[in-house]
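Residues in the sequence shown are numbered consecutively from 6, following the numbering used here.
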Amino acid sequence: MDEIEHRDGMDDTEPIKEADADFFKVLESLDVEAIMECWAYEEPVSLLFPGVDIALERKMVEAQWEIVVNYTRELKTMLTHASVLRKGDMGFSFLTGRIMSTHGDETLTVEVYITNVYKLEEREWKLVHHHTTPAPHQPPFFEQRLN
């Protein structure tokens, strides 16, 4: 895929990659208020985690993150961009990697695929959709917890 270059030499998708880096750094802080600052204020927004219903409103998205934060003592992300696309004021980020999370005394490492969709809102790239799913070559997260 050919990269689109701006006159200043900056890759057209670089701001989306930066928004991703900011989001995952904030996510590791386990601060719901900071996490929600990464999200668009205008709806629709959506969040989809394995094993739970899709959150389709900003309040529902925040409630899902509160559950994650309240249940998680520590979170580390080790991710790589598989592909980043931009079309106008929309950005699409596809990532692969690992998420290590500590819950009580138990630490789990899960290989994941992540899709983030961003929209340019007031000159900032804001999340409008986040989807995390376990990579298919491993047992799902909940099976790991049961074993």
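Quick reminder that beta carbons are idealized off the backbone N, C-alpha and C, glycines included.
Name the residue from the options whose alpha carbon lies nearest to the alpha carbon of residue i.
i	options	result
Glu126	Gly56, Cys43, Asp16, Glu19	Cys43
Val185	Glu67, Leu84, Thr137, Val122	Since the first and last residues shown for the chain are 6 and 152, residue 185 lies out of range.
Met105	Phe99, Ser98, Thr114, Phe97	Thr114
Ile40	Tyr76, Gln69, Gly96	Gln69
His142	Lys131, Tyr118, Glu129, Tyr123	Tyr118
Phe29	Thr18, Leu100, Arg63	Leu100
For the alpha helix (DSSP H) containing residue i, list its first residue and its last residue.
i	result
Ala26	19-34
Ile40	37-42
Which of the three DSSP states is assigned to residue i in this structure?
i	result
Tyr76	helix
Val89	strand
Ala45	coil
Quick check on the DSSP output: the beta strand (DSSP E) that includes residue i runs from which residue to which?
i	result
Thr115	Before going further, note that residue 115 is Val rather than Thr in the sequence given. That run of the beta strand (DSSP E) goes 111-126.
Val133	129-139
Leu52	51-53
Leu61	Premise fails: Leu61 is in no beta strand (DSSP E) and is neither H nor E.
His108	95-108
Cβ of residue i within 8 Å of Cβ of residue j?
i	j	result
Thr82	Leu32	yes
Leu52	Leu80	no
Glu121	Ser98	The amino acid at residue 121 is misidentified as Glu; the sequence shows Asn. For Asn121 and Ser98, yes; Cβs fall inside 8 Å.
Gly109	Leu84	no
Relative to the ligand SAH, is the shortest distance from any of its heavy atoms to the C-beta of residue i smaller than 7 Å?
i	result
Ile59	Of the ligands one can find in the structure shown there are none, so the ligand SAH has no counterpart to examine.
Going by other Cβ atoms of all chains shown within 10 Å of its Cβ, with 16 needed for buried, is residue i buried or exposed?
i	result
Pro49	exposed
Thr107	exposed
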